[in-house]
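Presented below is the structure to which this report refers.
There are 4 protein chains.
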Amino acid sequence: MSAVDKVPAIGRPRSDAARMAVLHAVDDMLVEEGYAAMTMKGIAARAGVGKQTVYRWWSSKAEILFEAVMQDAATELVVDSASTSGEEIDLFLDAVVRFLTASHAGAAYRALVGEAQHDAKVAALVRSSDALVTAATPVLRRAVARGDLPADLDLADAAVDLVAPAAFRVFAGLTETRRRASGFAFIARYAGQVGRGGALAN
Amino acid sequence: MSAVDKVPAIGRPRSDAARMAVLHAVDDMLVEEGYAAMTMKGIAARAGVGKQTVYRWWSSKAEILFEAVMQDAATELVVDSASTSGEEIDLFLDAVVRFLTASHAGAAYRALVGEAQHDAKVAALVRSSDALVTAATPVLRRAVARGDLPADLDLADAAVDLVAPAAFRVFAGLTETRRRASGFAFIARYAGQVGRGGALAN
Amino acid sequence: MSAVDKVPAIGRPRSDAARMAVLHAVDDMLVEEGYAAMTMKGIAARAGVGKQTVYRWWSSKAEILFEAVMQDAATELVVDSASTSGEEIDLFLDAVVRFLTASHAGAAYRALVGEAQHDAKVAALVRSSDALVTAATPVLRRAVARGDLPADLDLADAAVDLVAPAAFRVFAGLTETRRRASGFAFIARYAGQVGRGGALAN
Amino acid sequence: MSAVDKVPAIGRPRSDAARMAVLHAVDDMLVEEGYAAMTMKGIAARAGVGKQTVYRWWSSKAEILFEAVMQDAATELVVDSASTSGEEIDLFLDAVVRFLTASHAGAAYRALVGEAQHDAKVAALVRSSDALVTAATPVLRRAVARGDLPADLDLADAAVDLVAPAAFRVFAGLTETRRRASGFAFIARYAGQVGRGGALAN
DNA sequence: GATTAATCGAGACGGTACGTCGCGTCTTAGT
DNA sequence: ACTAAGACGCGACGTACCGTCTCGATTAATC
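What follows is the structure, encoded as C-alpha cells:
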C-alpha cells in the first residue's frame, strides 16, 4: 500500500488532494464500469491527476482498490447485537451475502480475491487481512462470551468455517442454490465441544 | 465451448490437429507462464496455428482453458473407496486441497473462478458446472447409501458445505490456517438428521 | 527506409493506403506544425493509422520525413537551361535558396540535417544522398559539356563548393548577409583550369 | 542568455557556485552522453542543483550549452601567424574542420545549429554570433593588411565563403569527399579584385 | 477431374493501455 | 530572494495485446 507513513523529509510533500481524488475515482469507477474496465490511465484521468502520480504511490489498480475500499468492508460487515448468538450469526451471514453480492466494497473484495488467483502480489495483499474472517471474529467472540461456543475455540479457524459456505457459493456463482444461512446450526456443530448444556441443549 | 457439434456441410472440415494443438498449448503454457502471461497470440504461436483459427473456435482464453483442463479436474478428484465414509471424505478433502494448490487443472480452475469475479461470460462458464461440487456429489451419495448421511440430504447443498472451507481457504490465501480436514466431523454435523444411530453414534 | 522491396511472401500484404496516408500526414504536419511539434503518435492519428503500423515500417519521424519529401527535393531543384552556364548556375543557386528557405521539402531537408547533428541514424540517412549536391551535379555537368568548366572537374567536390555558401548561410541563420549568388564568379574561379579562353575570357 | 546583468537588489544573491556547476555539468555531459541524451533534470542532478535553479537562469538546454561552450570556440579557432596568408588560411581551415569534428565545443556548435533548424529561439541564439564567421574575420583582416586581399573586401561575406565548404561538408556528413582545404585558392579567387599583382600574380 | 467453399498458416491492420520518461511548474523547509 | 529536493499535471515514448482483416494454399464434398 502507499507510503503514507513515510518521513516527510524534504521536497514538496505528497498532495493529499491527489491521493483522495484517486481513491474516490477508483471507488466510483468500480461501480460505474466494473473492475476489468478500469485502467490506470482512466483512473488518472478521472481523478484529474497525472499517471505518474498514480504510479508513484501505487503499483497496480489492485493496490489502489485495496486502499480505497477495504476499510469500507469493515463497516459494512458490522452487525448489531441480537438476543441470541444464533440470531446474531444469522444476521452476520446475511450481511456477508449482502456485502459480497450487492455492495461496492464487496465487488472490490471479489475482484481482488479473483485477481489474487493469478497474481502473487495481489495474493499477498489479500492474504494480509481477509475482510470476511476479520469481521467474523468479533461475532464469534461474543458467542464465546455468552457461553454458546467453547472457550478454547480457535477463532480464526471457526471464522473461516462460518463464512466459507456463503463466500464459496458467491465465488463459484452458485447463487441459485443459496441456502438459508443458519447461525443455530453453526453453533450446534460446535456445541458438542461445549459439553452437555449450551445453545443446542436448550 | 467449441462448435464441435456443428454440421460439417461442405468446405474444408475443421482440423482436429489444430484443435488439439491449441488445447495442449494452453495446458502447457498455463504451467510454464501462468494464466495472466498467456495471450491469444502466444497460444496460437505455441500451437503452430493461425490466430484466426483460435478465434474461429473459441472467443477467449478462458474458454480454451475451460475446454482444455476442466475434464482433467474430474479425474483428479476421484478418490478410492475407503472402509468408512469418514475416511473416504477425508481422502476426498485431501484431494481437493491437492487439486487446488498443486495441480495444473486446479490452477486453471482457480484462474477461471478468479476471472469469473469480473467477467460475466466466464462466470457463466464456471457456473455451468463447478468441478468441486460435481466431484463431491458421488462421495456424498456413497455415504448416503451406507446410511451414514440422511437419505433425504440435499446433495448439491451438502457438497458445497463440504468443499467450501477448503476452497475458501485457498481462494483467500489462508493456507497457513489450514485445518486438518475432517470427514468424521462433517458426517457428525449432519448425523442428527439421521436420527439416533449413524456414523456419530458409533 | 521502409522495406518496400521486401518479398511479398505470406500473410496479409502491406497496406499501401496506410503507407500513403502516413507520408501525406507527415508532409502536411511539417507545414502546419513544424518538425519539432510532430510526434509519432500525432502522425498515426492524423493518418488514421495505428501507431504500431507506423513503427512497423519506419523507426523514427526522421525516416518517414526522408521518404515523404526527399523525392520532392529533386523536382524543386531542377532548373531550366539558360543561354549561358553563368546564368544557369545563378538560376540554380536561386532555386537552392528558395528551396531551403521557402519550400516544404526544404524545411524537411533542414530538419533532417539538423537532426543528423546529434543522431547517428539520421546522419547516415542524410549522408546517403544529399539533395543539394545531387541536384547541383547535372548543372555542373552541362557547364562542362559547354566547355565552361574543365573536363576533368571533380563534380562531387565542385558541387559542394557551389552550394556550400548558400546552404551554410541558411543553416547558420545568416540570411541578413545574403550575397547575390553569382554563377559567373563560380565559373571564373575554376576557369583557370580550363586554360586561356573559356567563360571568363569572353 | 542568463540574467547575469540583473540588479542584485535584496534577498539572497545568485549563487555563482551553482552557475558554474551547471555550466561544467553541461560541458561534461555533452561529451559523455551527447546532446540528445541530456535532460534538464539530469543537468540539475549532475550539477547538484535544484531543477528550479536551472530554469530560473536559463530557459532551455540550448541556452545553457551556448553559455557553457561557445566561449571555448573562440580559443579553439585561434591560429598562429604563418609566413604567408595562404598558409595561415590553410591552418585556419584545418582548425575549423578539427573544431567541428573532434572538439567538445564543436559538438556543441553543431548541436546548436542543428536545433536551430526547427527552433526559432535557438536560431536567434546562434544567429547572434556565429563562431566560425567570428573566428574567420581576424584571419582575413590580416590577409588584407598584408595586401593579399582587396582592402575593400566585405569581411563578413568573405568569411562565410571561406568556412562554408568545410562547414557544409560536416553538416551534410560528406566527410568522405573532404577536399584538401586551400588558402591559396581562396586568395586567388579574390585576387582579381586586388588588381594585377597580389598573391596570385606571384 | 473440375468446381466450390470453408478451412488453414501467416501476418498486417486500427485501436488502446501499458509503464517510463521528460517537460516546466509548484510547494516545501532551509540558507 | 535564493537554494536543494522533489511532487505535481501533462503528454509522448515505444511495446504489447486486442480482435479483425486479407492474403495464398489446402482439403473434402459436390458437380
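Residue numbers (my numbering), protein chains in the order written: chain A, 1 to 202; chain B, 1 to 202; chain C, 1 to 202; chain D, 1 to 202. Even for Gly, the Cβ is constructed at its ideal location relative to N, Cα and C. Predicted, not measured: the structure shown is a model, and the values here were computed from it.
*In chain order, what residues of the region 107 to 121 of chain D put their CB closer than 7 Å to some CB of chain C?*
110, 111, 113, 114, 115, 116, 117, 118 and 119
*Taking only the alpha-carbon atoms, compute the straight-line gap between residue 103(D) and residue 10(C) and give it to the nearest angstrom.*
50 Å
*Is DSSP giving residue 149(B) helix, strand or coil here?*
coil
*Would you mind working out which of 37(B), 144(B), 33(B) and 50(B) sits nearest residue 17(B), comparing C-alpha positions?*
50(B)
_Alpha carbon of residue 158(B) to alpha carbon of residue 164(A), nearest angstrom_ = 13 Å
*C-beta neighbour in chain D for residue 186(C), strict 7 Å*: no
*Please list, in chain order, all residues of the same chain as residue 86(A) whose beta carbon is under 7 Å from its beta carbon, the five residues on each side excluded.*
183, 184, 187 and 199
*Taking just the CA atoms, how far does residue 28(C) sit from residue 52(B)?*
37 Å
*On the premise that residue 134(B) lies in contact with residue 155(B), defined as a C-beta separation below 8 Å, what is that separation, rounded to the nearest angstrom?*
Residue 155(B) to residue 134(B), Cβ: 11 Å. No contact.
*asked:* I need the straight-line Cα distance from residue 142(C) to residue 45(D), nearest angstrom please.
replied: 58 Å
*When you compare each of 60(B), 36(B) and 139(B) to residue 77(B) by their alpha carbons, which one comes out closest?*
139(B)
*Can you tell which of 92(C), 15(C), 62(C) and 115(C) has its C-alpha closest to the C-alpha of residue 74(C)?*
92(C)
*asked:* Strictly under 7 Å for the Cβ-Cβ distance: is residue 189(B) near chain A by that measure?
replied: yes
*asked:* Once the 5 residues before and after residue 160(A) are set aside, which same chain residues still bring their CB inside 7 Å of it?
replied: 133
_Where residue 152(A) falls, given that 16 or more other Cβ within 10 Å makes a residue buried_ = exposed
*Taking just the CA atoms, how far does residue 100(B) sit from residue 84(A)?*
37 Å
_Whole angstroms are fine: how far does the CA of residue 119(C) sit from the CA of residue 71(D)?_
24 Å
_Classification of residue 229(B) by the beta-carbon crowding that lies within 10 angstroms, buried from 16 upward_ = What the structure shows of chain B is the stretch from 1 to 202, and residue 229(B) is not part of that stretch, so it cannot be assessed.
_Sub-7 Å separation of residue 112(C) and residue 126(C) beta-carbons_ = yes
*What residues in its chain sit with their C-beta under 7 Å from that of residue 22(B), if we drop five residues either side in the sequence?*
43, 47, 49, 54 and 64
_Backbone CA spacing between residue 68(B) and residue 68(A) [nearest angstrom]_ = 37 Å
*7 Å Cβ cut-off: residues of chain C touching residue 92(D)*: Within chain C, no residue comes near residue 92(D); the closest Cβ sits about 16 Å away, beyond 7 Å.
*Looking at the structure shown, is residue 103(B) part of a helix, part of a strand, or coil, going by DSSP?*
coil
*To the nearest angstrom, how far is it from the Cα of residue 38(A) to the Cα of residue 81(B)?*
48 Å
*In chain order, what residues of the same chain have a beta carbon less than 6 Å from the beta carbon of residue 105(C), not counting five sequence neighbours either side?*
69, 72, 73 and 76
*asked:* Just to check my reading of the structure: residue 131(B) and residue 130(A) have Cβ atoms closer than 8 Å, yes? What is that Cβ distance to the nearest angstrom?
replied: With a Cβ gap of about 23 Å, residue 131(B) and residue 130(A) do not count as contacting.
*Counted within 10 angstroms of its Cβ, other Cβ atoms place residue 41(A) as buried (16 or more) or exposed*: exposed
*asked:* Measuring straight from C-alpha to C-alpha, what distance separates residue 31(C) and residue 114(C)?
replied: 17 Å
_If you reduce the DSSP assignment to three classes, tell me which class residue 80(A) lands in._
coil
*Please name the residue in 34(B), 190(B) and 88(B) whose C-alpha comes closest to that of residue 109(B).*
34(B)
*Taking the continuous alpha helix (DSSP H) assigned at residue 165(D), which residues delimit it?*
155 to 171
*Compare the beta carbon distance of residue 168(B) and residue 116(A) with 7 Å and say whether it is the shorter of the two.*
no
*asked:* For the alpha helix (DSSP H) containing residue 32(B), name the first residue and the last one.
replied: 16 to 33
*Residues that residue 165(B) contacts on chain A, provided the C-beta gap is smaller than 7 Å*: 160, 161 and 164
*Going along chain B, which residues have a C-beta under 7 Å from residue 173(A)?*
116, 123, 126 and 127
*asked:* Let's test the definition: count the other Cβ atoms within 10 Å of the Cβ of residue 61(A) and tell me whether it reaches 16, buried, or not, exposed.
replied: buried
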